[in-house]
Structure formats: C-alpha cells, structure tokens
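Line by line, the protein sequences are chains A and B. This note's numbering runs 95 ahead of the 1-based position in the first sequence. This note's numbering runs 95 ahead of the 1-based position in the second sequence. Quick reminder that beta carbons are idealized off the backbone N, C-alpha and C, glycines included.
Protein chains: 2
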Amino acid sequence: MTTETSHDTTLSPTLEGVAALAGVSSSTVSRVINGSPQVTEQTVARVNDAIARLGYVPNRAARSLVRRRTQMIAMVIPERTAEFFADPYFAEVIQGAAMYASSTDYSLTLLIESESAPEKTHQFLRRGNVDGALILSHFSASSAYLELSRSIPVVFGVRPTGDIDAEIHIVDVDNTAAAALATQHLIDRGRTRIATISGPLDTSAGRERLEGWRATITAAGLVPGACEEGDYTPSGGAAAARRLLDSTTPFDAVFIASAQMAAGALVVLNERGLEVPGDVAIATLDNNAFSTNTSPQLTTVDLHTADKGAAMVEKLVELIQGGTIDPVTLVPIELVTRDST
Amino acid sequence: MTTETSHDTTLSPTLEGVAALAGVSSSTVSRVINGSPQVTEQTVARVNDAIARLGYVPNRAARSLVRRRTQMIAMVIPERTAEFFADPYFAEVIQGAAMYASSTDYSLTLLIESESAPEKTHQFLRRGNVDGALILSHFSASSAYLELSRSIPVVFGVRPTGDIDAEIHIVDVDNTAAAALATQHLIDRGRTRIATISGPLDTSAGRERLEGWRATITAAGLVPGACEEGDYTPSGGAAAARRLLDSTTPFDAVFIASAQMAAGALVVLNERGLEVPGDVAIATLDNNAFSTNTSPQLTTVDLHTADKGAAMVEKLVELIQGGTIDPVTLVPIELVTRDST
DNA sequence: CTGAAAGCGCTTACAG
DNA sequence: CTGAAAGCGCTTACAG
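Next comes the structure, spelled out in structure tokens:
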C-alpha cells in the first residue's frame with residue numbers, strides 16, 4: 096500500500112502583503128525588518144503589528160540573492176563517515192557546533208568531502224553555497240586549504256597537514272598542555288616509570304601529546320618510559336598495550352593519548368591479570384563514554400570538545416561578519432580524577 | 096595578535112556570461128543546464144563547453160527563488176544534543192543520512208528542536224527554509240507532527256507519540272523481529288531461563304522489543320524470565336543488571352535491548368564473578384562500539400542503522416519529488432554471533 | 001529549436 | 001522619514 100500526500104502550499108505572506116496591511120511601501124517594511132534606524136516609531140509599530148498578524152517570515156532565497164549571503168555554514172567532514180562518527184570526539188564537536196549555530200542566524204550543513212573528487216567539494220564551497228566553512232577533515236592536498244581560505248572564511252578544527260604559512264584560523268586544544276596535565280597527575284600520584292600509548296605520530300596532535308608526556312617526565316627528573324604508537328581506536332590501544340607488556344621495560348603507569356585507546360588497553364591489562372591502578376595507573380585524554388564506561392573509570396583530561404565545536408562556529412561567524420580573530424583559539428582543558436590513578 | 100583576511104569576491108560566472116561565450120541566449124543555457132530535451136545536440140555541446148571553460152555553477156539562491164525549492168532538507172534533532180550525540184545509534188543515523196544526501200542534490204542541515212519555543216522550529220520548517228524534514232526528535236506535542244506533515248514532506252525516524260492516524264511516513268526497523276532474532280538465538284544455544292533488560296516501556300520501540308522477547312520464549316514452550324527496565328544507557332543497564340541479580344529468579348541468559356545497556360550490564364556481571372557466556376549468555380541489539388569494545392564481544396542484532404539514515408533521506412527525496420512511498424519502510428536486520436553466547 | 005520578456009521576493013541607492 | 005525603481009541570477013510560459 097502506498098499513500099499520496101498533498102501539501103497545502105499556503106504561500107506565506109510576502110513583503111507586499113505586510114506593506115498593504117500596514118499601509119506603507121514594501122521598502123519601509125524591509126527597513127523595519129532589517130532594523131533601519133530611520134523609521135518613525137509609529138511606523139515601526141504598525142509594521143511589526145502587521146508582521147505579527149500575518150506571521151510573516153522573510154523569504155530566504157530572495158534575501159540571499161540580493162545580499163549575496165546564504166546564512167549557511169558548512170561543516171566539512173571526511174568521506175569515511177563511518178569511522179568519523181564512530182569516534183565520539185567528532186560527534187561531540189558536531190554537537191557543540193550544531194547547538195551553538197542554532198542560537199545564531201546561521202544553519203549548519205554537513206558536507207562530506209569527496210575523496211575521489213575533492214574538486215567537487217571545493218567548488219561547492221567556493222560557489223557561494225555557504226558563507227563560511229568549518230574544516231574537520233584533512234583535505235587531500237593542503238594547498239587546497241589556502242585556496243579555500245582565500246575565497247571564503249574558514250575555521251579549522253584540525254591542523255592542516257604540511258606547513259601552511261598563510262593566515263589561517265584554528266580552534267583547537269593545547270595538546271601538549273593536556274598531555275602534560277595527565278602525566279603530571281601520574282607523577283603526583285607517585286608513579287615513576289611512566290610509559291605511553293601515543294596517537295598517530297604523523298599528526299601534529301599525536302606528536303604534541305607525546306611531547307607533553309616526555310617533557311613533563313623529564314622536568315620531574317624522571318626517565319621517560321616506553322612508547323607505543325596507537326591509532327586512537329580501542330583495538331589500536333589494545334595492540335599497543337600488548338606490545339608494551341611484551342617489552343622488557345617495566346612500568347607502573349601509562350599515559351594513553353585517547354580514551355578510546357585507553358578502553359582497549361584496559362581490556363588487555365585485565366586479561367593479563369594486572370590491577371588498575373594497583374599495578375598500573377592510567378591517565379588519558381577525552382571525557383566521554385570511553386572514559387566512564389570502564390571498570391575502573393578512567394582519570395582523564397576533559398578536552399571540552401563540545402565547546403570546541405561551539406567556538407569554531409563562533410569564530411567563523413565573527414569572520415563572516417567582517418571581524419578579526421586570533422589565528423589560534425585554544426579551548427580550556429580540565430583534569431578529571433577518577434579511579435584509574 | 097589578530098589577523099584580518101580579505102576574501103577575493105571573485106564573482107562566479109553567471110548565466111549571461113556562459114550565454115555570451117556560447118553565443119546563445121541565457122534561456123538556452125538554462126535549458127541545457129536543466130536537461131531540456133528540446134535543444135540541438137550542437138547547441139548543447141557548445142553550451143556545455145562554455146560552462147566547463149568558465150567553471151560555471153548555477154546560483155542557488157536565484158534558482159531557489161524562482162523554483163520555490165531550496166534543495167535543503169532538515170534533520171530535526173532534540174535539544175538535548177549531548178545525550179543525543181552520545182548515543183552511537185543516532186550518530187550512525189546521521190552518518191548514513193549525510194552520506195546518502197551527499198549523493199543527491201540536497202544538502203542536509205541539522206536543526207535542533209527548541210523545547211522552550213517549539214513554535215520557532217515549526218515556523219522555520221514551514222516557512223520554506225527546507226524542502227522536507229527528517230524527524231529524529233519526539234516533538235513536544237504530537238499534533239505538531241500532523242500540522243508539519245501537511246505543510247512539507249516529512250519522514251520519521253522515530254515513532255511519534257500518541258496515536259496518529261494521519262498519513263505519515265516512517266523508516267524504522269522491526270523491533271519485534273529484532274528482539275525475536277536475538278532471543279531465538281539464545282534459545283538455540285540451549286538457554287532456558289532467559290531474562291531481559293528492556294528499553295523504556297513508555298516508547299513503542301521499548302515495548303516492541305519486550306514483546307519480541309516474550310513471544311519468542313513462549314513460542315518455544317518456555318517461560319519468560321524476569322524483566323527489568325532500562326533507559327538505553329550503560330549505567331541504566333548496569334542498574335537493571337543489579338536488580339536482576341538481586342532478585343530471586345535465576346537465569347542463564349539475558350536479552351538486553353541495547354548494546355549500551357549490555358556494556359553496562361557486563362561490568363556488573365564481571366563484578367559479581369559471573370562468567371559470560373558460561374554462567375550467563377548475553378544477546379543484544381545494535382552493532383557498534385558498545386558491542387565490540389567489551390570482553391567478551393557481544394552477540395547482537397545489527398540494526399543497520401546507517402542504512403536507516405540513508406533510507407530516510409531516500410524516501411524523503413521521493414516524497415519531495417512528488418512520488419508516493421509506503422507509510423512504513425523497514426530496514427533489514429542481521430544476527431551477528433560473537434563470544435557472549 | 002531558440003529568444004525576449006516577465007517574474008520569483010527581497011534590498012538599497014536614489015529622489016523627494 | 002518614505003516611496004518608486006532597479007536589480008540580484010535564475011526559470012519558464014509565450015511567440016516565432
């Protein structure tokens with residue numbers, strides 16, 4: 096069985112309609128709507144009354160056509176959406192961005208970067224479909240970033256690869272500081288042989304987190320333990336934990352560069368009969384389901400990821416409206432102590 | 096330090112520009128772009144050539160204004176975005192929807208339903224901002240659904256509350272069948288005393304999953320075990336597991352209505368020293384991080400949630416384009432056997 | 001098969 | 001302070 100639904104195309108009232116009811120010209124109505132200061136108080140009242148009675152809402156397309164503004168911003172995400180959305184980190188960024196956007200006049204649209212035809216995505220972005228873009232995806236070619244930034248306002252949530260010296264705007268956390276915060280906590284708990292499971296070392300975030308761990312340990316007069324590289328996934332964390340355990344270097348704590356990896360590592364530690372935090376203390380980054388849905392729950396650094404998403408939109412809107420912003424905006428971080436340390 | 100970036104407003108080529116280069120009128124260019132059959136092959140070639148050389152892309156706003164189409168569809172999500180995005184189920188729906196949308200001419204925009212001012216959301220939706228809406232949020236008042244469905248094409252991903260007899264379109268899984276599939280698997284494994292941790296029983300999905308469990312057990316000539324209600328979260332699952340364990344009814348298996356709850360329940364079973372699947376077998380629903388990031392990994396029914404998101408967009412587009420679709424579209428499900436049974 | 005013209009619903013100089 | 005007019009970039013009857 097199928098159904099056919101017809102939609103009553105109740106054409107919403109137009110500017111002209113409001114003008115007629117208010118007894119003014121549509122120019123005046125337009126001025127009132129756009130808050131022009133040069134309209135009599137009386138006229139404003141009359142127009143607003145008419146607007147309210149008609150339930151008038153400006154036509155977006157018409158406005159967009161003349162203003163050359165779309166009131167849309169794109170969130171550019173990688174083509175591998177399955178992996179992307181599986182990471183609670185990105186879901187949280189989107190959440191914060193969507194939430195903040197809803198308090199503005201801008202709509203947020205999800206734009207999947209086509210890897211087979213990146214040109215398509217760039218075209219879309221440059222051709223006036225959006226007023227600005229939020230980049231959560233590493234474009235195939237980093238030069239594409241620059242080009243895009245020249246066409247429309249762009250805010251990055253991931254560091255572009257390659258060395259970009261052009262003026263770009265980034266919202267991020269201080270990865271080094273976050274890693275240092277977690278590592279210092281381990282030291283404060285009396286641990287002296289601290290290993291790490293790092294993120295991918297071909298990303299700046301991965302390297303910075305590693306550096307924060309190393310520098311903090313060294314600054315405390317200790318010797319950095321072993322390091323195994325992970326890929327931010329639970330299984331990657333588990334594999335790294337196995338390598339750590341199989342190596343000859345003993346350790347009494349491990350700083351793990353993401354909660355997802357920590358969750359995976361914890362399973363391995365349990366399998367090997369190691370107590371957490373008795374035998375091994377764990378501190379990680381990201382305060383999400385992966386740091387609370389474990390036993391014991393994990394001590395972590397809350398990266399305030401939703402705030403990051405919100406800040407990305409906030410900064411982009413400032414840029415769109417012609418404002419100037421810092422090249423780098425850092426989102427505050429916070430240590431959350433739980434039972435794994 | 097702040098930076099000021101100026102964007103070269105390289106006005107993209109216009110219809111007129113293409114027309115000039117091709118030596119035809121803009122009407123003809125428009126016809127070619129829109130695939131009108133009544134244009135000479137030669138002309139088509141010449142116009143397409145000009146389009147390619149200029150990198151011309153139609154102006155969305157202008158087209159939208161005259162066509163009274165926006166090429167935008169809204170995904171309406173609840174105001175409690177944090178909880179919403181924390182549930183991998185919804186992240187997966189969005190993922191599938193975004194992915195499918197990117198293969199169409201429609202852009203997907205995330206619209207957060209304002210609970211304090213639901214009128215605002217409805218207004219936005221009805222005022223021609225979008226060509227159609229995908230509903231993943233229970234509107235405060237169910238009558239609002241009907242109203243909305245009368246204004247624009249709407250596809251639901253959640254069952255509206257209250258009894259709606261109007262013509263609405265839903266994309267969903269067969270919850271009863273999914274629960275039955277998981278439960279039957281438990282029976283096939285030789286379990287005879289099967290308890291359940293249900294979803295919220297004030298939702299139809301929760302009730303259907305419970306009913307699938309009950310009916311399957313009864314049909315096998317067994318007696319349904321105890322039932323504890325959960326809220327789809329890990330902690331809710333853990334609490335329900337505790338109640339189950341503290342009751343006097345013994346059980347050798349439990350059907351848990353979501354992987355998130357199962358992950359929480361598993362922690363409790365471990366704490367109490369129960370072996371899975373030795374002492375208790377577990378089967379659940381949802382094939383995501385919560386069913387694989389556990390030890391043992393969970394036998395589950397894959398609800399193909401990303402496919403559901405894709406199907407929602409697919410059906411909505413059919414509706415927008417004037418087609419007729421079934422009132423209910425069911426997404427196929429699949430049993431995935433792992434180590435918990 | 002193709003072009004000239006009107007119109008989609010706004011905004012904004014330009015006059016007054 | 002307000003109105004008439006032009007124009008944003010398209011699509012689509014209407015002629016030919």
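Residue i at chain A interface by Cβ criterion, 8 Å
i	result
Thr123/B	no
Thr424/B	no
Asn388/B	yes
Gly223/B	yes
Pro391/B	no
Gln133/B	no
Val375/B	no
Ser159/B	yes
Ser435/B	no
Gly359/B	yes
Supposed contact pair residue j and residue i - C-beta distance, whole angstroms, cut 8 Å
i	j	result
Asn143/B	Val119/B	Wrong, their Cβ atoms sit about 12 Å apart, outside the cutoff.
Ala290/B	Ala321/B	5 Å
Asn270/A	Glu323/A	About 18 Å; that fails the 8 Å criterion.
Ala348/A	Ala376/A	4 Å
Gly301/B	Ala352/B	7 Å
Ala357/A	Gly307/A	The pair is not a contact, with the Cβ atoms about 16 Å apart (cut-off 8 Å).
Simplified DSSP assignment, three categories, for residue i
i	result
Leu276/B	helix
Phe251/A	strand
Ala236/B	The predicted model places Ala236/B with a pLDDT of 49, which falls under 50 and marks its position as unreliable; any figure quoted below should be read in that light. Here Ala236/B sits in coil by DSSP.
Leu326/A	Correcting the residue identity first, residue 326/A is Asp in this sequence and not Leu. The answer is coil: DSSP assigns Asp326/A none of H, G, I, E or B.
Thr436/B	coil
Asp267/A	strand
Phe385/B	helix
Ser293/A	strand
Glu262/A	coil
Val127/B	helix
Ala310/B	helix
Thr424/A	strand
Leu317/A	coil
Ala336/A	helix
Val431/B	strand
Ala114/A	helix
Val142/A	helix
Ala357/A	helix
Ala348/B	strand
Short CB-CB distance (under 8 Å) between residue i and chain B
i	result
Gln218/A	yes
Glu187/A	yes
Thr165/A	yes
Gly252/A	no
Val152/A	yes
Asn129/A	no
Ile230/A	no
Thr204/A	yes
Arg137/A	According to the sequence as given, residue 137/A is Gln; it is not Arg. Not an interface residue.
Glu99/A	Low confidence applies to Glu99/A: its pLDDT is 43, below 50, so where it sits in the model is not reliable, and the reading given next is rough at best. Yes, its Cβ sits closer than 8 Å to a Cβ of chain B.
Thr176/A	yes
Met194/A	yes
Val266/A	no
Proximity winner among the options, relative to residue i (alpha-carbon distances)
i	options	result
Ala192/B	Arg221/B, Val250/B and Tyr151/B	Val250/B
Thr287/A	Leu116/A, Glu214/A and Phe346/A	Phe346/A
Ala333/B	Gln355/B, Asp381/B and Leu317/B	Gln355/B
Val363/B	Leu340/B, Leu203/B, Leu305/B and Ala277/B	Leu340/B
Val266/A	Arg433/A, Leu411/A, Leu281/A and Thr436/A	Leu411/A
Ile230/A	Gly223/A, Ala117/A and Thr216/A	Thr216/A
Asn382/A	Val134/A, Arg155/A and Ala277/A	Ala277/A
Asp402/A	Pro108/A, Phe185/A, Ile207/A and Gly294/A	Phe185/A
Ile292/B	Thr328/B, Thr313/B and Ala272/B	Thr328/B
Thr419/A	His264/A, Arg141/A, Arg254/A and Gln166/A	His264/A
Phe80/B	Ser435/B, Leu369/B, Leu398/B and Gly223/B	The structure shown does not extend to residue 80/B, since chain B spans only 96 to 436, so no value can be given for it.
Gly227/A	Thr109/A, Glu208/A, Val408/A and Pro248/A	Pro248/A
Gln218/A	Leu203/A, Thr204/A and Ala239/A	Ala239/A
Thr379/A	Gln416/A, Gly373/A and Leu398/A	Leu398/A
Phe180/A	Phe179/B, Arg222/B and Pro183/B	Pro183/B
Ser107/B	Gly130/B, Gln137/B and Arg155/B	Arg155/B
Any non-hydrogen atom of the ligand ZN closer than 7 Å to residue i Cβ
i	result
Thr400/A	You won't find the ligand ZN in this model; it holds no ligand whatsoever.
- Along the chain, which unbroken stretches of the alpha helix (DSSP H) at least 4 residues long are found entirely within the segment 158-228 of chain A? 176-181, 183-196 and 213-221
- Message: Extract the residue ranges of the alpha helix (DSSP H) inside the segment 362-415 of chain A, only unbroken runs of 4 or more that lie entirely within it.
- Response: 384-387 and 400-415
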